[in-house]
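S.K.:
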Ligand SMILES: [Zn+2]
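Residue numbers (our numbering): 2 to 406.
1) Can you list the residues near ligand 1, meaning Cβ strictly closer than 5 Å to any non-hydrogen atom, in the order they appear in the chain?
2) What are the residues that DSSP puts in a beta bridge with residue 83?
3) Looking at C-beta atoms only, is the number of pairs between the stretch 48 to 58 and the stretch 165 to 177 that lie closer than 8 Å three or more?
4) Assign residue 119 to one of three DSSP states: helix, strand, or coil.
5) Evaluate contact between the stretch 256 to 267 and the stretch 309 to 324, counting only Cβ atoms and requiring at least three cross-stretch pairs below 8 Å.
6) Can you tell me which of the three DSSP states residue 134 falls into?
7) Give me the residue from 61, 34, 135, 32 with the minimum Cα distance to residue 72.
8) Does DSSP put residue 51 in a helix, in a strand, or in coil?
9) Less than 6 Å between C-beta atoms, sequence neighbours within five positions excluded: which residues of the same chain meet that for residue 235?
10) If you draw a straight line from the alpha carbon of residue 327 to that of residue 199, how long is it in whole angstroms?
11) Using only the alpha-carbon positions, how far apart do residue 282 and residue 228 sit?
12) Could you check if residue 391 is buried or exposed, using at least 16 other CB atoms within 10 Å of its CB as the buried criterion?
13) Among 193, 163, 246, whose alpha-carbon lies nearest the alpha-carbon of residue 231?
14) Is the beta carbon of residue 246 sitting closer than 8 Å to the one on residue 278?
15) DSSP three-state call for residue 240: helix, strand or coil?
16) To the nearest angstrom, how far is it from the Cα of residue 396 to the Cα of residue 108?
17) Which whole-angstrom value is the C-beta distance of residue 292 and residue 226, which I expect to be below 8 Å?
18) Please report the residue range of the beta strand (DSSP E) in which residue 215 lies.
19) Between which two residues does the beta strand (DSSP E) containing residue 205 stretch?
20) For residue 106, report the span of its beta strand (DSSP E) as first-last.
21) Hey, residue 152 and residue 145 are a contact pair by Cβ (cut 8 Å); roughly how many whole angstroms apart?
22) For the 8 Å Cβ check, are there 3 or more pairs between the stretch 79 to 86 and the stretch 5 to 17?
23) Taking the C-alpha atoms as reference points, what is the distance between residue 104 and residue 400?
24) Just the C-alpha distance for residue 285 and residue 124, rounded to the nearest angstrom, thanks.
25) Can you give me the Cβ contacts of residue 387 inside the same chain, cut-off strictly under 8 Å, excluding the 5 residues immediately before and after it?
26) Taking all protein chains shown into account, do 16 or more other C-beta atoms lie within 10 angstroms of the C-beta of residue 269, making it buried, or fewer, making it exposed?
27) According to DSSP, is residue 278 helix, strand or coil?
28) Hey, could you find the ends of the alpha helix (DSSP H) residue 328 is sitting in?
29) Relative to the C-alpha of residue 149, which residue among 336, 362, 31 is closest?
30) Short of 6 Å in beta carbon distance, which residues of its chain neighbour residue 337, apart from the five on each side in sequence? Order them along the chain.
31) What separation, rounded to the nearest whole angstrom, lies between the Cα atoms of residue 307 and residue 243?
32) To the nearest angstrom, how far is the alpha carbon of residue 188 from that of residue 381?
33) Residue 304 and residue 182 - do their beta-carbons sit closer together than 8 Å?
34) I need the boundaries of the beta strand (DSSP E) containing residue 166, first residue and last residue.
35) Let me confirm a value: residue 260 is counted as buried when at least 16 other C-beta atoms fall within 10 Å, else exposed. Which label applies?
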């Protein structure tokens, strides 16, 4: 087994759970450890030249190392490095470093590394974050990736699906109105329920065009989705004009959108009970035309039809509609349910469980994030005192408020 074969197993396994590109991990291993032949690799399994730093409780290995100062001048210095039980330990530690950043820093300096799918951009991001001082570091990594065809391992990583949820209208624009209902309220409720339901699935990210009663312009919405790099755009609407029933629209002739529409439409229809199915349609709407990714616009009943409006007033019906949209997305993108048991199955120490419960109470987490489980404790430990302080302040403000009244 070559060094690359050996490292690739760990890079794919841990890169996929942390959102770190395997080709980056392998190239860094090759470069930093001379393909596993360096003193650090041999004596400490340290493939990435990670120094001891703060908060490291594991073993340490000391050696002389070369560095560049800010003017680009080379010098040598004695430094402490992390010692791992295996190469895999080094890969896990590197992934954690990228996923969590450096302890004590307010923001994660490696945030741009996470979920970056482009190997050229990711090598730049690592250098820009200050991982290495050698100005040629990114070009060295990209040439290693290209020479060894390392991007083939990136394809094995589970890809994250980014879904943009657009609640139609809002703010000064109520959309259609009728029977005491406003389109803007229904679309927001629907979009929020879809967003909440999607949180139960793995490897999916959502972004909403609005989360309250505001009006982003149509261009704001499509620009935002394009900039974010959404994989799919879903726009929620309610119809008016004297008809009845459900229908959805995609951009005329867009083959990808049309195939997603078939899947999503079928799932929504299963969930709308007595509402008429008006079919799958195509239209040249702004949000369908100006989005760079496949998109759909759903018209969920007619607000000016008394029978449709009666349904739209029922919470159960809205839930069904939201579930239909989610079922469609799940089928279209092959989404898998999060394993809620993953955290529970982990054997937690009493102290860890106490931290988890406090983090749940303060609404920092639902306690079930299947990602970065162990290091999550670090993030929680940092955020809990801040959330507790805010909680105290809120209590005092509420007391003062009472006194004033
Ligand atoms: Zn509308």
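Using N, Cα and C, we set each Cβ at its ideal position, and we do this for glycine too.
Here the structure is a predicted model, which is why all the values come from computation and not from measurement.
M.R.: Based on what the coordinates show:
1) 169, 176, 238
2) 61
3) By the C-beta criterion, the stretch 48 to 58 is judged not to be in contact with the stretch 165 to 177, since fewer than 3 inter-stretch pairs fall below 8 Å.
4) coil
5) Cβ pair count under 8 Å is below three, so no.
6) coil
7) 135
8) coil
9) 166, 297
10) Using only the alpha carbons, I get a separation of about 7 Å.
11) 27 Å
12) exposed
13) 163
14) Taking 8 Å as the Cβ cut-off, residue 246 and residue 278 qualify as a contacting pair.
15) DSSP places residue 240 in strand when its eight states are reduced to three.
16) 28 Å
17) That belief holds up - the Cβ atoms of residue 292 and residue 226 are roughly 6 Å apart, short of 8 Å.
18) Careful: residue 215 lies outside any beta strand (DSSP E) and carries neither H nor E.
19) 205 to 209
20) Taken as a continuous stretch (DSSP letters only), residue 106 belongs to no beta strand (DSSP E), as it is neither H nor E.
21) With 8 Å as the limit, residue 152 and residue 145 do not qualify as a contact, their Cβ atoms being about 11 Å apart.
22) No, because fewer than three Cβ pairs between the stretch 79 to 86 and the stretch 5 to 17 fall closer than 8 Å, the two stretches do not touch.
23) 36 Å
24) 40 Å
25) Contacts found: none.
26) buried
27) strand
28) Per DSSP, the unbroken alpha helix (DSSP H) holding residue 328 starts and ends at 316 to 334.
29) The alpha carbon of residue 149 has as its nearest neighbour, out of 336, 362, 31, the alpha carbon of 31.
30) Cβ within range, chain order: 203.
31) 10 Å
32) Answer to the nearest angstrom: the Cα atoms are 34 Å apart.
33) yes
34) 162 to 168
35) exposed
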